[in-house]
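In our numbering, the protein residues as written are 6 to 916.
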């Protein structure tokens, strides 16, 4: 119930009541009079309440129904909310009112000149309309700090009728695209017969043409590639209601990370985001409010397609055609909308074909999308686009080998649940090489979770089932590439940004090859910097003037570097924004490429690298006992236990660094994608092996005796472990200690065919929690994995151990770093341990893989007592084609076709 006061002068004027979004239906009363009923959660509904209002206080009552007939068509994958979640407002209809406006920008075949077509519907046919068009550079208004003066294009005054059609030629308009979202301001002044302005309307206009040309989708004559995301309207703080700030943050984050398209999954969004997409430049696949997912899976499997909703059952047709009309009428004038979509996951049938037909009758300037015909091919004209969900690249290639009649997109792909988005590069590479494949939309943009507190009052992000909701899909709506609580990018975004970038850079020591994938933007519009690093340290940065036209590529000479110093040389080419924009600050990087090579000349200067301090020629002292062997050298001591199976102590400059004996590790905390293909069952023996290996002899009556080799400048000890796999397997670890405190570690395993590959091949060190600072020279700054490291930039990075715990809804494998040259784990004063090796996989986390695996929420993790340092030859990729069966691609699993060997060096660091 809502009470409102109406001034007396408003009584007698036509007054309308508008509901912008109510889930899922409502009945309305005003002052005790029944006004009407509506369904359709995501489109506006309006009522003429003129007969029911009164001067002074009025009582508006709305009864919201959670379940309606429309609910059958609203089975989207999201939290179930009910209520009024968008604006409700009253407005007065003036004497002359523009009831409807349809704007078309009809470009000629050369994409040079246009006709601005206007169709207006008014409530009466008297008076006139003043029409003016203004060039409106909306991309610089906020940056300049004030409103920029508009440039007039034309002005005219026309007689008004109830249905008025007007057309105006526009010479060489600036065209709208996501790269250059040029907008014009259309002003309409509706005047009565006395010439008085009664109503004033403004409409943003973008001149663009979207079409299929020879089976390819083209914008303004150029083949388009959608680098998109699906986006639910969701806030962890306010549910279905999203604030202005949250919507704006989403748009800016997308632009900053090279996302150029949104699919409004799976309903019309709040009108605010369409306006922002027009202004900021994001393409929209605008979806109608329909998903009947729950009604067709079992009937299809049983062969009873007649039970599917809507299928061929025409009693659903009036409702769904009304939704199509509502979707179209509200949003038809947005240039950002390139494609309409009938809805999502509702199988096929004649009703959906008729929905497409209506879209086409209403709008000849856009294409219509519907994925569901993949399951029901009886009405192929339902979709102008071949759209599929979660096909592998190989499946796409196989399809296109036989059918190129339509452009192909993935309306959903790279299922981003938990630690995911592996092998995303395969899809973007396909878009570069096959013109019929025109990109896709990652599922999805934001984790769906809600603010909650645990039983001790600590805040956390709740997912399905946490709030007493039964049944639920658990964390299966935690698919975002941004976190729910603050909408900040998760580590997966690093890979998305790189693979979606519109400039590629390939290099060797002589040339820089620049490939410009922009449709309308020359690379000279960006600042290009070329930087040289030696062993991760910046040496020199120069500007490179590039001028690569759209969709072309050119070579530029590599700057002449001074290569007298030995080390690893890294060249990074970075394309950056010249000046502040609506969505980023000056210097924001929109694309990069990198190239590393080794210079082996001797350094004429004093070597300043960390490992130059090592001296393996220093003598070591070995003290053998009945149960242990100690090794002592300058400022260090190591104690190896025969019975315990490894080093029990490593003291460097008097400080103990080992909390637990290091052990081989073959396990990682399962990811959400791992769960989908039962990784825990497939690889269970490797978890058991990691936990329960021993170095006893085969008869279990005597401990295995380590092999020991003593030299003047080193001591070597080898432990052979028996692993309780089926069949039994063995691995060995060799420690070689040198007089400077350095320990070379070698883990060896001769694969047993029956056991196959493992999740990780490495060593696990349990250290004191005070060692909570991390520095690494490898890929970063975010976590990287074998199949998700294209976006990682080689460099030296610093963070805290806790920072490496990605905030996935369910704790799982996270924080890994690929191609690590060294990693340091130290206390706040810089004392700790350093591991060096050749392109290692490594992580430093507060928990073991097993502790993370057993927790369903972050609050279930134990208090931090240790830092867990894992050093590996490799960890398998995270996958991401889907989360319900797709395995990690074979090339990103650990190769067990031959013996495995991991080598690295560990030593103490003293300030």
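For each residue, glycine too, the CB sits at the ideal point set by N, CA and C.
None of these values were measured; they are calculated from a predicted model.
Cβ-based neighbour list, residue i, same chain, cut-off 8 Å, excluding 5 preceding and 5 following
i, result
"residue 457", "464, 465, 466, 467, 471 and 472"
"residue 663", "652, 653, 654, 655, 770, 771 and 772"
Element boundaries [beta strand (DSSP E), containing residue i]
i, result
"residue 62", "61-70"
"residue 691", "Element bounds for residue 691: not the beta strand (DSSP E) but the alpha helix (DSSP H), 689-697."
"residue 604", "594-604"
"residue 160", "156-164"
"residue 446", "442-447"
"residue 720", "719-728"
"residue 196", "188-196"
Contacting residues, own chain, Cβ-Cβ under 7 Å from residue i (five flanking each side not counted)
i, result
"residue 350", "296, 298 and 377"
"residue 381", "352, 353 and 354"
"residue 181", "187, 188, 211, 212, 213 and 340"
"residue 460", "none"
"residue 697", "729"
"residue 624", "717, 718 and 744"
"residue 890", "681 and 682"
"residue 203", "99, 100, 101, 195, 196 and 197"
"residue 502", "262, 263 and 796"
Top-ranked residue by Cα proximity to residue i, from the options
i, options, result
"residue 852", "37, 691, 803 and 777", "777"
"residue 173", "206, 167, 185 and 124", "124"
"residue 591", "530, 647 and 545", "530"
"residue 488", "89, 424, 310 and 37", "424"
"residue 739", "768, 604 and 573", "768"
"residue 282", "588, 727 and 898", "588"
"residue 803", "780, 907 and 369", "780"
"residue 100", "175, 831, 128 and 554", "128"
"residue 364", "334, 379 and 391", "334"
"residue 880", "911, 832 and 824", "824"
"residue 476", "84, 877 and 33", "84"
"residue 24", "54, 554 and 36", "54"
"residue 514", "871, 774 and 535", "535"
"residue 251", "492, 11, 110 and 276", "492"
Environment of residue i [buried if 16+ CB atoms lie within 10 Å]
i, result
"residue 104", "exposed"
"residue 218", "exposed"
"residue 887", "buried"
"residue 896", "exposed"
"residue 499", "buried"
"residue 7", "exposed"
"residue 168", "exposed"
"residue 74", "exposed"
"residue 205", "exposed"
"residue 904", "exposed"
"residue 547", "exposed"
"residue 176", "exposed"
"residue 617", "At residue 617, the pLDDT of 44 sits below 50, so the modelled position is not reliable and the matter cannot be decided from this model."
"residue 602", "exposed"
"residue 29", "buried"
"residue 443", "buried"
"residue 413", "buried"
"residue 913", "buried"
Nearest-angstrom Cβ-Cβ length linking residue i and residue j, presumed shorter than 8 Å
i, j, result
"residue 345", "residue 406", "Residue 345 to residue 406, Cβ: 29 Å. No contact."
"residue 446", "residue 268", "4 Å"
"residue 234", "residue 278", "Not a contact, Cβ separation roughly 13 Å."
"residue 796", "residue 504", "7 Å"
"residue 672", "residue 854", "5 Å"
"residue 640", "residue 655", "With 8 Å as the limit, residue 640 and residue 655 do not qualify as a contact, their Cβ atoms being about 12 Å apart."
"residue 195", "residue 136", "Not quite, the Cβ-Cβ distance comes to about 10 Å (not below 8 Å), so this is no contact."
"residue 35", "residue 58", "7 Å"
Residues of its chain near residue i, where Cβ-Cβ distance is below 6 Å and the 5 sequence neighbours each way are ignored
i, result
"residue 860", "816 and 866"
"residue 532", "581 and 583"
"residue 835", "916"
"residue 598", "510 and 578"
"residue 524", "227 and 555"
"residue 67", "31 and 33"
Start and end residues, alpha helix (DSSP H) containing residue i
i, result
"residue 424", "No alpha helix (DSSP H) holds residue 424; DSSP gives it neither H nor E."
"residue 363", "355-367"
"residue 279", "276-285"
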